[in-house]
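In the working numbering, the protein residues as written are 118 to 398.
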Ligand code: NAP
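Below, the structure written as structure tokens:
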């Protein structure tokens, strides 16, 4: 079990975000609750769920079962595309809280911009207002491009503190991360290990793993950490959960970082999830 506390990033709104989080899709039901409790025992203090994962009850149950004090954990949820209208977005967040059994969310995101629907500005305004009411502590977005970010900032004057996007060595998101740096947005990385396109067998990853006496998956997650992005790996297995958090006892060299970054491809996305066209309601 990892007992070393995970370092945190200071977000632009003054709150702290753990440098590694726990992804919960597609964990559900009793097994899902057990996996969440086990992750919290391993030392995770950032949980990632969404209305569309159909597991907010399990995540809340896992949090209670773990016995970890509520105020030590940052719970994230996400509004789905079908809830972008202002009133629907407000209700969606309150329904998430009900399912989670919590009185506030620590980080609330808009899951996808769904530009064809063109109501993400309304959804963002709802989050701005819910933050003012104290229902959510921090607000951010997911899968937003520079154009989507610019639009919500210009419309409301409020910049998201986080943009959770697809990011792994096959799709390193250098341009978008530069936009985030300019705007003061922290990058969170979904599918951080690269799933079916995982580069665990690539020389760049295997040789760094050998050099540091760690697993290839730890090299990939450490690459995220050194780039300043927050990976949110999912694992149902307690051993892999602990391994995915054990990233702070070694450091990749500049050459090792460059070699992993060189695995990126112009369109290295896993399933063509381009936010300009991908619809997820
Ligand atoms: P991931 O965390 O990169 O990969 C998960 C897969 O890798 C699982 O099959 C898991 O299997 C396996 N795995 C985990 N640790 C491992 C290790 N140390 N060694 C070998 N295999 C390992 O991908 P993801 O689940 O797609 O993304 C993570 C989280 O991001 C999701 O759970 C979700 O919370 C979030 N997400 C957000 C969006 C969005 O649109 N915002 C989209 C996708 C995902 P085991 O469980 O068997 O270990």
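Heads up, the beta-carbon is just placed ideally off N, CA and C, and yes, glycines get one too.
Just so we're clear, the structure is a prediction, and the values are computed from it rather than from any experiment.
query	result
Environment of residue 224 [buried if 16+ CB atoms lie within 10 Å]	buried
Residues bridged to residue 288 [DSSP beta-bridge criterion]	285
Reference residue 222, options 199, 253, 207, closest by Cα	253
Residue 241 versus residue 248: straight-line alpha-carbon distance, rounded	11 Å
CB contact flag (residue 185, residue 213, <8 Å)	no
Proximity test, residue 228 beta-carbon vs the ligand NAP heavy atom, cut-off 7 Å	yes
Those residues which DSSP pairs with residue 194 across a bridge	225
Identity of the residues DSSP links to residue 140 by a beta bridge	165
Residue nearest to residue 308 in terms of C-alpha spacing, selected from 190, 385, 200, 156	385
Which listed residue (340, 257, 346, 198) has its alpha carbon closest to that of residue 395	198
Straight-line gap, residue 218 to residue 370 (C-alpha atoms, nearest Å)	44 Å
Distance between residue 354 and residue 374 (C-alpha atoms, nearest Å)	27 Å
Residue 157 vs residue 183 beta-carbon contact at 8 Å	yes
contact_flag[the stretch 142-152, the stretch 265-280] where n(CB pairs < 8 Å) is 3 or more	no
Span of the beta strand (DSSP E) around residue 306	303-307
Sequence-distant residues of its chain with Cβ nearer than 8 Å to residue 128 (five each side left out)	134, 255, 278, 279, 303
Beta-carbon proximity of residue 206 to residue 244, cut-off 8 Å	yes
Own chain partners of residue 275 with C-beta closer than 7 Å, once the 5 adjacent residues on each side are dropped	245
For residue 347, the residue or residues it bridges with in DSSP	305
Proximity test, residue 308 beta-carbon vs the ligand NAP heavy atom, cut-off 7 Å	yes
Proximity winner among 209, 313, 229, 263, relative to residue 388 (alpha-carbon distances)	313
C-alpha gap between residue 305 and residue 339, whole angstroms	14 Å
N-terminal and C-terminal residue of the beta strand (DSSP E) that residue 257 is part of	253-259
Secondary structure of residue 280, DSSP reduced to three states	strand
Beta-carbon contacts of residue 263 that lie in its chain and below 6 Å, excluding the five residues immediately before and after	296
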